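A short worksheet on the structure shown next.
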Amino acid sequence: MSIDAGTLQPVGLFTGQHVLAELEGVAAELLDDEQFLTDALNSALDRSQATVCDVISKRFDPQGVTVLALLSESHASLHSYPENGSIFIDVFTCGNRAQPERAVDLLAESLGPTNVNCRTIRRGHDYETGLT
């Protein structure tokens, strides 16, 4: 582990948070809109202190969209199912700076689901408590 001279934050911590979510009851039009989902993911990640390196997306025929974001901290993905009004969300960030749970909350706000199932898996070492 080292310290970033510009931010005075630890760099290279073997710790992370993996947030997995399923949203249901989302409007099919939103779930089939590649640009909307790409913009929503970019905005949520930016507002959650994640560093987006690149984003790619694909709209499928007859419906559905996948959006993948490469982060300095790791990755994020969306996989939509307009025919079911559902979407899978996966945000994994290494270190302690980015806020993946906030990213998922912001995505849920923009999508307006009727049901949210979300869980966070702590990975690596817990440097704040000393647990491994």
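Okay, so the sequence shown: first residue is 436 according to the numbering used here, each after it adds one. Glycine included, C-beta positions come from ideal geometry on N, C-alpha and C. Computed from a predicted structure; not experimentally measured.
Closest by C-alpha distance to residue i, when choosing among the options
i: GLY547; options: GLY520, ASP525 and GLU508; result: GLY520
i: ALA504; options: ALA479, ARG557 and ASN552; result: ALA479
i: SER512; options: GLU518, GLY499 and PHE527; result: PHE527
i: ARG494; options: ARG532, GLU464, VAL487 and VAL551; result: GLU464
i: GLU536; options: ASP468, PHE471, GLN470 and ALA485; result: ALA485
i: GLU457; options: HIS560, CYS553 and ASP561; result: CYS553
C-alpha distance - residue i paired with residue j, whole-angstrom precision
i: CYS529; j: GLY460; result: 30 Å
i: ALA462; j: SER545; result: 11 Å
i: THR549; j: THR473; result: 21 Å
i: THR501; j: HIS510; result: 13 Å
i: GLN534; j: SER507; result: 13 Å
i: LEU448; j: ALA543; result: 29 Å
i: SER483; j: TYR516; result: 25 Å
i: GLN498; j: GLN470; result: 14 Å
i: VAL466; j: ASP496; result: According to the sequence provided, residue 466 is Leu. The question's Val does not apply to it. Roughly 13 Å separates the two Cα atoms.
Assigned secondary structure, residue i (DSSP; H/G/I helix, E/B strand, else coil)
i: ASP474; result: helix
i: ASP496; result: coil
i: ALA485; result: coil
i: LEU448; result: coil
i: ALA462; result: coil
Other residues of its chain near residue i: CB distance less than 7 Å, five sequence neighbours each side excluded
i: ILE491; result: LEU503
Residue ranges of each alpha helix (DSSP H) run of no fewer than 4 residues wholly in the stretch 503–545, ordered along the chain?
none
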